[in-house]
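Worksheet: one structure, shown below.
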Amino acid sequence: MALLWILAIVLIVWLVFGGMPALPVSLLALVGGWFLWGRIRKLEQQVEELRLALATRPAERTATAVEPALPGPGEQPEPPEPPAALPARAAPARAARVRPADDDWDWGDEPQATPGPAPVSTSSGEAAPPAWSHTVPGILPAPDPEPRPAAPAASRLEPDESSPDVVSSLGRTITAWFTGGNTIVRAAVAILFIGVAFLLRYATENVVVPIELRLAGVALGGLALVVVGWRLRGTRRGYALSLQGGGIGVIYLTLFAAFRLYGLLPGGLAFALLAALAAVSALLAVLQDALPLAVLGFAGGFLAPVLTSTGQGSHIALFSYYLVLNLAIAWIASRQTWKLLNLVGFFFTFGIGLAWGLRAWRPELLASTEPFLIAHVLLYLYISVQYSRQLVRLREAGAGNLPYVDGGLLFGMPIAAFGLQAAMVRHIPYALAVSAAAMAGIYLLLGRWLLRQAGERALLLVEGLLALGVIFLILVTPLALDARWTGAAWAVQGAGLAWIAMRQQRIWALAMGLLLQLGAALSFWSHNARLPELPLFTNGLFIGTLVLGLSALATARLLERAARAPQDERGWWREAEPGVLHYFLLAAGVVQLLAGFAAELHAAPWTIPDQEGRLVGLLLGWTLLAELLHRRLDWQAFSLPGRVTWVLATLLCFTPSGLLGVGLGGHGEQQAWMIFTAQGWLELAGVIGIGGWLMKRLDHALPGEDTPRGSTPAEHLLWLWTTLLQATAVAWLVAAVFIVRHQAWTPTAAVLPPALVGILLARRLGAGIWPASAHPRALDLGLLRPWLGLMLLWTLGVNLLADGSMQPLGYLPLLNPVDIGHALVALYALRLAHALHQRGERLGRQWTTAFAAAAFVWINSLLVRTLHHWAGMPTWTHGALGSSLVQTGLTILWTLIALVTMLYATRRAAPAMARVVWGAGAALLGLVVAKLLLVDMAGVGTLYRIVSFIGVGLLMLVIGYVSPLPPAAPAAGIPAREEEPA
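When the letters of the sequence shown are read in order and numbered with our numbering, they come out as residues 1222 to 2203.
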């Protein structure tokens, strides 16, 4: 049967279009139909297997076959009780014929159901056969108490074919149509349609019998089919419905051919006859609860102008005719939940309207076509509301878990209508914006009115209407300012589809919504560029980015709620990963919003702040917004983009255009200071202050949270490194700008703030106080020790390059800025070592060696700086090593250092380290002797050579007396041996 329908479709396409132009369409229809036929055959096989399996279960058969007791003489037979095992959905099948009250908008408190027919008893006690037979899978009827003649069975469509759960589902309706009822008669109807099409085509070419008689014969044949079908409705329901539908379709074809092809009927009469036929078709379908009849009749009615078109007709007649058909569908929709019929009318109306527009539309036709578009929009909006109204009543009557809303019609109709409207009014300025405003008003007012009428019972429909109203309201501004609306419209419609998919658990609707948003983003960003002449923050491009970003965020919010549902409650989500899609859409929404704001800030004609400062401010603003809103929205993941934007804002401070980059990039201190006073102080305060506020909120449980979210070690280190480096840069910049003679003040100012911060962090590390307590190991290895290394490098650079001048004050050893800075470095190193000792760790021998080397360099430089200021000797960079006084001073200083080292080894050092320390002092003393012989000897006859030799000799005598070689560290169980003094 399905194969015959496929061939019928192919032949009709061939007959309508004719010749080679129809060949690709016919082949496409044949291939698609063949695939559909294969699927149908597979479904038929599965149904047959289920029936056979049920028929071979004798246990259930005997369990449900109950022998009724025969009545005694003179007793009236009691009506049999209905079996208790009948499913609950058998009753709602009759509720499909619910008739509304006088007021079509009355949702009522109780569903109204048409009572079933009363059982008919006969005097002989035999029950009459029921007019409607139901076959419930798994329950077999009880056998008759005695043999009786076989009565003609009431053949009808499968009972499920008219049940609410079938007619409210497009897929189930189509499956029931192909697998239920009399397949032979449906195939006959398909063949009959082909024959009528052949007849009408032949009549245009070879007319022998008068065309009036030929058309009258065809119409009478169709009428005969309808009459015969009506008379058989009580005994052969499926057969009767197919005959009626085929006959109505034939009459449609005949009337429209008589009007359009041959001009036998005047326009008014033809329209009246077609309107009457549509009304009769709707009435027959409703009276017999026959969705297939309605679909057959209305499909024939919609196809009539297509199959008999000559291309010379009036579009007003066409759309008026379609309006009458859709009025009939609307009348049926107020009484039945026939989703397929609603969609047939919608697709035929807007599809054929689009095809006509592509072929024949001209701007001067707007006045004659716009009323039809408005009428059909209002009509299908009415159909959507009536469909939901019927489903609400059926669910309250116990008809099962039926969907409240037809999402395809509710959201698809405004998409199609708005697209047609955009094409029709594109030559009129601001017309599309006015259209969007009108659509918004209609949807918002209707949603509010339904909320008052139905309350919570129609909440899903109300939410859908209000969502569409808000969507069109959002579109008004960008459409009024800029004509690029496609991407924004797709984005909001995609969000709407995702919302309805979550409510109705439709995975395909969610996929379509996500694809719409992806297409919207690709379309929007690939064809839009920010023009300088556009007004700031009020142009279509900016508002379009807001629409795209907010749509993505709304969809991400829906997915986040699905991801938080327990695994056993996800249902349709068990095959999906909403968490992955949630994070992807969250990132996409934030990126698009930030891109829109960044484009506007880049185009702003401001001098302060500069481009880098504007971007930093934007990123920090999003950080604040995300962190403040995530708890109000109960959306923990919403704070993640804020953390990322703070990281990006922080890194921008280190770019060549950032404050530190300008100061160190050769632009000069004055330019860097101008940037800092204009925007840098606010930029740094924002990065460091917001970073600290963010880290504290992450590391501490906020009110209502059981555990803190927790920052990452990388975030903490970035915040603290930024604090130290930017504090260093600002202090150096202030000293460089305001202190003219800054040989000592400037380097000391650079080390003062970070040294104090480092001392504070080291103290908190030892005490276990935030922020050091958040990630102590990362803080130690990632910041405190590396910062100590940088400070040691600072000591090396300052001692070699700075002369310690602190004019206008005089130079004082140990009390000048350079030496005070070294004292802070030493204090930081000691504080860090103590903090690690409190944690049971050690700084390490390599750090001790490095610190000792830095101290050695510092004390030598202290001598050189002192001789420079007090004796006029040169500094390191100006030839200090060529001075005899400097060489003599270094020789005596090294000897004193060796004395102190060796004395410490013999008096204070641990036994295990005593000889090592003493050996270091002895090595330095040996270096002094070598220096005397190789360097100081060159100053023959000078006083400095004499002082060097005598001073070193005397000091070595003191060393030999007060610091002999310490005893070796005793092994386990062996007493130490006393060394003989030399």
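Just so you know, even glycine gets a beta-carbon here, dropped at the ideal spot from N, CA and C.
These numbers come from a predicted model, not from an experiment.
- Nearest in C-alpha terms to VAL1565, of all of PHE1758, ALA1722, GLY1518 and GLN1947, is GLY1518.
- Of the residues assessed, ALA1478 falls on the buried side of the cut-off, its CB having 16 or more other CB atoms within 10 angstroms.
- Contact between the region 2054–2074 and the region 2018–2031 is not established, with fewer than three Cβ pairs separated by less than 8 Å.
- For PRO2038, the enclosing alpha helix (DSSP H) begins and ends at 2038–2059.
- Restricting attention to GLY1834, ALA1657, LEU1822 and GLY1907, the CA atom closest to the CA of THR1844 is found in GLY1907.
- In the DSSP annotation of this structure, the continuous segment of the alpha helix (DSSP H) that includes GLY2018 starts and ends at 2006–2022.
- By the neighbour-count criterion, in which 16 or more other beta carbons inside 10 Å mark a residue as buried, LEU1524 falls on the buried side.
- Contact between the region 1536–1544 and the region 1586–1599 is present: three or more C-beta pairs spanning the two stretches fall below 8 Å.
- In this structure GLN1947 is buried. Its beta-carbon is surrounded by 16 or more other beta-carbon atoms within 10 angstroms.
- In summary, PRO1975 is buried, with 16 or more beta-carbon neighbours lying within 10 Å of its beta-carbon over all protein chains present.
- Residue environment: ASP2024 is assigned as buried (16 or more neighbouring CB atoms within 10 Å of its CB, all protein chains considered).
- Looking at the backbone, the Cα of ALA1820 and that of LEU1806 are separated by about 21 Å.
- In the three-state reduction of the DSSP assignment, ASP1920 falls in the helix class.
- Scanning the region 1709–1787 from its first residue to its last, the whole alpha helix (DSSP H) runs of 4-plus residues come out as 1728–1748 and 1761–1785.
- Beyond the five residues adjoining it in sequence on each side, LEU1696 comes within less than 6 Å, by CB distance, of ALA1657 in the same chain, given in chain order.
- Restricting attention to LEU2036, LEU2013, VAL1951 and GLY1931, the CA atom closest to the CA of TRP1991 is found in GLY1931.
- Annotated three-state conformation of GLN1509 is coil, per DSSP.
- Per DSSP, TRP1953 is one residue of the alpha helix (DSSP H) stretching across 1934–1959.
- Counting only residues of its own chain and dropping the five nearest sequence neighbours on each side, ALA1688 has a CB closer than 6 Å to the CB of GLY1717.
- LEU2124 and LEU2145 have their C-alpha atoms some 13 Å from each other.
- DSSP places SER1463 in the helix class (H, G or I) of the three-state scheme.
- A check of alpha carbon separations from VAL1865 across ARG1853, GLY1842, GLY1685 and THR1876 identifies GLY1842 as the nearest.
- Using a 10 angstroms sphere on the CB of PRO1650, the tally of other CB atoms stays under 16, which defines it as exposed.
- Per DSSP, the unbroken alpha helix (DSSP H) holding GLN1642 starts and ends at 1628–1645.
- In the assembly as shown, PRO1826 is an exposed residue. Its beta-carbon has fewer than 16 other beta-carbons within 10 Å.
- In this structure, the straight-line span from the alpha carbon of ARG1556 to that of ARG1481 is close to 33 Å.
- Burial check for GLY1715: the Cβ neighbour count within 10 Å reaches 16 or more, so the residue is buried.
- A distance below 6 Å between beta-carbons, with the five flanking residues on each side excluded, links LEU1486 to the following residues of its chain, in chain order: ALA1479 and PHE1480.
- Contact between ASN1563 and ASP1627 holds: their C-beta atoms lie close to 7 Å from each other, under 8 Å.
- With fewer than 16 other beta carbons inside 10 angstroms of its own, SER1747 counts as exposed.
- In this structure, the CA atom of LEU1780 is about 53 Å from the CA atom of LEU1476.
- For TYR1483, the three-state secondary structure derived from DSSP is coil.
- Just measuring C-alpha positions, the residue of SER2026, ARG2060 and ILE2113 sitting nearest TRP2091 is SER2026.
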